[in-house]
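For the sequence shown, this note's numbering gives the first residue as 7, with consecutive numbering after it.
Even glycine gets a Cβ: it sits at the ideal position worked out from N, Cα and C.
Worksheet: one structure, shown below.
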Amino acid sequence: MFSSFFKDKKWALWAYGGAIFIILLLVYQTHLNVRINEWYKNFYDIMQNSKDHNVDEFWQGILNFLKIAMPYVVTYTVISFFASHWVFRWREAITFKYLKFWRNCQNDIEGSSQRIQEDVYRFAKIMESLGVQVLKAFMTLIAFIPVLWELSKSVSLPYIKDIEGSLVYIALLISIGGLIVSWFVGIKLPHLEYNNQKAEAAFRKELVYGEDDKLKFCQPNVMLELFTGVKLNYYKLFLHYGYFNLWLISFSQILVIVPYIIMGNGLFSGIITLGVLVQASNAFSQVRESFSVFIDNWTTITELRSVNKRLREFERNIDYKA
């Protein structure tokens, strides 16, 4: 999967040049995020102390935001557009590399056509989404950990206030704890996703055969049996995703109020301003979400693990060599 794109001279410019271009855009996007975080403090301090400021300062704050937001929108759009093209080239490289070996394979594994077409497509789409998010999370951590570390000096909550960089450690511990719980709650999902693809492939295969010979294939009893297999597996998936989503959404919603609980006391005691509170909340969310990128994308990672397993099986079947 990786060698067909990153080790092939034909795709070297796209593979490495494209990756560097995306990384540079993400660096700039992260820089804009830091500037927006700084804007929060200044703007909300004006809002809190409106008597000490005038409406011209308010509109200047709005204008300053637009000067940051407009380049952010353009950068986000370019990243999305270019990443789609970059990953499609990756898909093209995998597809034709697989076809080269598959044509010489004597004993096909089940769902070979699905693995070449649909599974490679799904792999590319997931890598496009997840890859950009992981890179962005890494850069966000580099940029925002120093910001959050400095803001930790404004914490006035007993016990926590004496810990240097307390907000960073809290974000890290919450994310690690959430990741461990998510692992156990969703432990059955990859296997169920894999079984789901097998059941769908068997059902699709019978339909394809039926296109040429409906008398011999697609008999009602056979189709009922195949679809029942699909249905039962989906019911299991719905159940397991149900309680996993219950945990994930509950976890995400609770975390919204964590920075306010930690910093709120300082606001009412006059130690910090509203601007500092909002800035700290935003920085905490940026760091926490970056630490939790794998938790927030757990269902996507589950699908990727299933796709990876199917493609690895296919590579062994066609005796794939890089």
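C-beta atoms of residue i and residue j nearer than 8 Å
i, j, result
"TRP108", "TRP20", "no"
"ALA89", "VAL138", "yes"
"GLY272", "ILE263", "no"
"GLU319", "ILE132", "no"
"VAL40", "LEU147", "no"
"SER287", "TYR266", "yes"
"VAL191", "PHE250", "yes"
"TRP17", "ARG95", "yes"
"SER10", "ALA99", "yes"
Length of the line joining the Cα atoms of residue i and residue j
i, j, result
"TRP304", "ILE176", "21 Å"
"TYR198", "SER188", "Residue identity check: residue 198 is Leu in the sequence provided, not Tyr. Their Cα atoms are separated by approximately 16 Å."
"SER181", "GLN259", "14 Å"
"ARG121", "LYS204", "10 Å"
"PHE257", "GLY184", "8 Å"
"VAL299", "ALA289", "15 Å"
"LYS142", "LEU243", "30 Å"
"PHE87", "GLY270", "41 Å"
"GLU206", "VAL161", "54 Å"
"VAL284", "ILE42", "11 Å"
"GLU124", "GLU321", "15 Å"
"GLY216", "ILE29", "48 Å"
"PHE8", "LEU195", "24 Å"
For residue i, the nearest candidate out of the options (CA to CA)
i, options, result
"ASN70", "LEU154, LYS131 and LYS47", "LYS47"
"GLY281", "LEU232, LEU157 and GLU170", "LEU157"
"THR36", "VAL174, ASP114, SER296 and PHE11", "SER296"
"ILE68", "GLN54, PHE250, ASP58 and TYR50", "TYR50"
"ILE324", "ASN110, TYR200, LYS73 and ILE28", "ASN110"
"GLY276", "PHE8, ASN55 and MET7", "ASN55"
"ASP14", "TYR127, LEU232 and PHE102", "PHE102"
"ALA75", "PHE12, LYS315 and GLU44", "GLU44"
"ILE268", "GLY24, LYS159 and PHE64", "LYS159"
is_contact[residue i, chain B] using C-beta, thresh 8 Å
i, result
"TYR175", "Here chain B cannot be found, since the structure has a single protein chain."
Inset, instruction - Mind the definition here: the stretch 167 to 174 touches the stretch 144 to 158 only if three or more C-beta pairs lie below 8 Å; say whether that holds. - result: Contact between the stretch 167 to 174 and the stretch 144 to 158 is present, because at least three Cβ pairs lie under 8 Å.
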